[in-house]
Amino acid sequence: MKIAVGSDHGGLELKEEIRKHLEDKGIPIKDFGTYSEDSVDYPDFGKKVSEAVAKGEYDKGIVVCGTGIGISIACNKVKGIRCALCSDTYSAKMASMHNNANVIALGGRVLGKDLAKEIVDSFLKAEFEGGRHERRVDKIIDIENNML
Ligand code: RB5
Numbered sequence: 445m446k447i448a449v450g451s452d453h454g455g456l457e458l459k460e461e462i463r464k465h466l467e468d469k470g471i472p473i474k475d476f477g478t479y480s481e482d483s484v485d486y487p488d489f490g491k492k493v494s495e496a497v498a499k500g501e502y503d504k505g506i507v508v509c510g511t512g513i514g515i516s517i518a519c520n521k522v523k524g525i526r527c528a529l530c531s532d533t534y535s536a537k538m539a540s541m542h543n544n545a546n547v548i549a550l551g552g553r554v555l556g557k558d559l560a561k562e563i564v565d566s567f568l569k570a571e572f573e574g575g576r577h578e579r580r581v582d583k584i585i586d587i588e589n590n591m592l
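Structure, rendered in structure tokens:
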């Protein structure tokens, strides 16, 4: 499994923690930035991660901004992306199992680093259940394709 990560300045510190956490587990990752504490715009980094995931270059994405809100909104504008803003492990697991989320967003100014790592692990470990959830995700895709 290959993972894309990215953040703005508000998520930099937590993104670095997550990057190291995944590297320690031997999971191949690409860090799309930002790489310094200089102020940047979160949509730029949500877009880079989301486009790489949508193109199939990476299996899943993890994005971080101050709250996780702005970058999650940006990611969900990229066709093919289902980004879930998660602040607990149960939601992260369900985001995979029920929503087939391919990106999660975290709040760097909201979450402690240990909880954030557990959220990431829950998201990556869980698998989409399909079945009735597939029908619902297909309906989301229909909305995206303006087919409803
Ligand atoms: C940047 O200060 C902050 O607005 C951003 O990181 C994020 O929280 C936006 O949703």
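If you read the sequence shown in my numbering, its first letter stands for residue 445, the second for the next number, and so on.
No residue lacks a Cβ here, since even glycine has one placed at the ideal position from N, Cα and C.
On a predicted model such as this, the values are computed, not experimentally measured, just so you know.
(message) Check this for me: beta carbons of residue 520 and residue 530, under 7 angstroms apart or not?
(response) It is not a contact, given that the beta carbons lie outside the stated cut-off.
(request) Compare the beta carbon distance of residue 447 and residue 492 with 7 angstroms and say whether it is the shorter of the two. (result) Cβ distance not < 7 angstroms, so residue 447 and residue 492 don't count as in contact.
(message) What I want to know is whether the C-beta of residue 485 ends up closer than 6 angstroms to one or more non-hydrogen atoms of the ligand RB5.
(response) no
(request) Let me know the secondary structure DSSP gives residue 508 once reduced to three states. (result) strand
(request) Have a look at the DSSP bridge pairing and note the partners of residue 550. (result) 508
(request) Take residue 514 and list the residues in its own chain whose beta-carbon comes closer than 7 angstroms to its own, dropping the five residues that flank it on each side. (result) 486
(request) Can you say whether residue 495 is buried or exposed, counting buried as having 16 or more other CB atoms within 10 angstroms of its CB? (result) buried
(message) If you measure between the beta carbons of residue 461 and residue 557, is that distance less than 7 angstroms?
(response) yes
(request) Just tell me which of 589, 534, 579 has its CA closest to the CA of residue 560. (result) 534
(request) Answer with buried or exposed for residue 594, where buried requires no fewer than 16 other C-beta atoms within 10 angstroms of its C-beta. (result) As displayed, the chain neither begins before 445 nor continues past 592, which places residue 594 out of reach and without an answer.
(message) Please report the distance separating the alpha-carbon of residue 456 from that of residue 488.
(response) Computed Cα separation, rounded: 14 angstroms.
(request) Rounded to whole angstroms, what's the CA-CA distance from residue 512 to residue 555? Just pull it up for me. (result) 10 angstroms
(message) Can you tell me whether residue 452 is buried or exposed? The criterion is at least 16 other CB atoms within 10 Å of its CB, across all chains shown.
(response) By the neighbour-count rule (16 or more Cβ atoms within 10 Å), residue 452 is buried.
(request) Flag residue 586 as yes when its Cβ comes closer than 6 angstroms to any non-hydrogen atom of the ligand RB5, and as no otherwise. (result) no
(request) Please work out which residues of its chain come closer than 7 angstroms, Cβ to Cβ, to residue 553, disregarding the five sequence neighbours upstream and downstream, and give them in chain order. (result) 454, 510, 511
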